Every structure is written in C-alpha cells, then in structure tokens.
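S.K.: Residue numbers are given in this note's numbering: position 47 of the sequence shown equals residue 675, and the series is strictly consecutive.
All C-beta atoms in this analysis are idealised placements derived from N, C-alpha and C, irrespective of residue type, glycine included.
Keep in mind it's a predicted model, so treat the numbers as computed, not measured.
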Amino acid sequence: MKMDLLENGCLKILLTEEDLRAFGLTFEGLDYDNEGTRSALHRLLDEAKRRTGFDASGSLLIEALPVDGGCLLLLTPAGGKRRVRLRRAAGPYVYELDTADAILQLAQSVGEMEGDAPVFGSSLYAFGGGYRLILYPGAPLSRRMGALLHEFARAAGEGDAAAAFTAEHGRCIAAGDALGRLCAAARARTG
C-alpha cells in the first residue's frame, strides 16, 4: 500500500491486489453502502492520518480506479459536514507505442501541459515488440491530451477488459504512476 498527500490537499492511495484481499475487498465490490467497504475505508483513513497527516474530518469525494488487479483511490476533501461519496472514474484507456523514444517524447510533451484533466493512475507494459500505456484519468481525456496521445501512440482499447488483457499478456515495467515517473525522467533528461 502506498499513500501520497498531494500539494492540493488530496490523498492518493495505491492498493495492490494483495492489499484489497487483506481488506476483504475487490474493485467491483467497492460500495460505500457496504459495511466491509466502509470499515476498510475507515481503517485506511486512520492509517493515512498516521502516515501523512491527512484530515478526513469533513466531507470527502473518493474516486476509485482499477489498477493492475488493485485500485487507486483519490480522496478529495469537499468541505462541509461529514459525508462520503464513492464513485468509479472514467477509463481506463490503453495506448500502444512502438519505441522507448516515443514513450519519452510523449512523457516530455505531457509534462509540459497545464490545466488538462489529470491522470490519476497509469501503468506501462512491454507488449509484443512495443509498449502499452494504460491511463486511468479522473475525467474523460481532454482534446489536447487526446491529440498528444495520438501523435505518439495508437489507441489499443478502452475499459477494464482492455486493461486486463494488457496486464495479462504484457510484462509490467511500471505500475501505479508510470506516466508521472516518465514525465519526471523526461524533465531530468532535458533539464
């Protein structure tokens, strides 16, 4: 389990398949009306407070995205009285790239973008003779982001089945925040 408190006050929690199993959860079964989900979220919030200082005393929006058998939770403080809403976000989107250079060029271009829909999770796989990038956006991809992706990559599928196929038949290079790490590597390479 990995927890990161973001600069904007949101909390990002990456749960592996084993973490979900330890909590007695599956991505498909996440539902705040379910006692098991509520109990697991309360334990996660207690752990987040201990590790990061995240304050969950007010209203929260929790977005859940499937990531390689596990899931990524993005917790956004919404202000107001105590209330929790859990929703599943858009995607995932799968893109195919031919070379490592294409991946780094995409990462450099994405790193230079500002103001577009954030990508909360991403995974990179070696697939066939090339690569596949799975994106878990917090909202539908912007036109600008879509244009960039199509400049360097080809759409290879959308939805949980496409992501699962890639995870099953590819070799995982980076999971959880692959695009973020690639953007940082591209900045280091050029800066």
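Going by C-alpha to C-alpha distance, which of 774, 748, 690 sits closest to residue 666?
M.R.: As a position in the sequence shown, residue 666 is number 38, starting the count at 1. Residue 666 has its Cα closest to that of 690, out of 774, 748, 690.
S.K.: Within its chain, find whatever has a CB closer than 6 Å to the CB of residue 786; leave out the 5 residues flanking it on each side and keep chain order.
M.R.: Translated into positions along the sequence shown, residue 786 becomes position 158. The answer, listed in chain order, is 721.
S.K.: Since residue 802 is in the beta strand (DSSP E), which residue starts that stretch and which ends it?
M.R.: Numbered from 1 along the sequence shown, position 174 holds the residue referred to as residue 802. First-last of the beta strand (DSSP E) with residue 802: 799 to 802.
S.K.: So for residue 750, helix, strand or coil by DSSP?
M.R.: The residue you call residue 750 lines up with position 122 of the sequence shown. If DSSP states are grouped into helix, strand and coil, residue 750 belongs with the strands.
S.K.: Assuming residue 754 and residue 799 make a contact with CB atoms under 8 Å, what is their CB distance in whole Å?
M.R.: Working through the sequence shown from its first residue, we reach residue 754 at position 126. Working through the sequence shown from its first residue, we reach residue 799 at position 171. About 4 Å; that satisfies the 8 Å criterion.
S.K.: So, helix, strand or coil for residue 719, using DSSP?
M.R.: Here residue 719 refers to the residue found at position 91 of the sequence shown. Note: residue 719 maps to coil in three-state DSSP.
S.K.: Are the CB atoms of residue 647 and residue 697 within a distance shorter than 8 Å?
M.R.: By one-based count along the sequence shown, residue 697 stands at place 69. By one-based count along the sequence shown, residue 647 stands at place 19. No.
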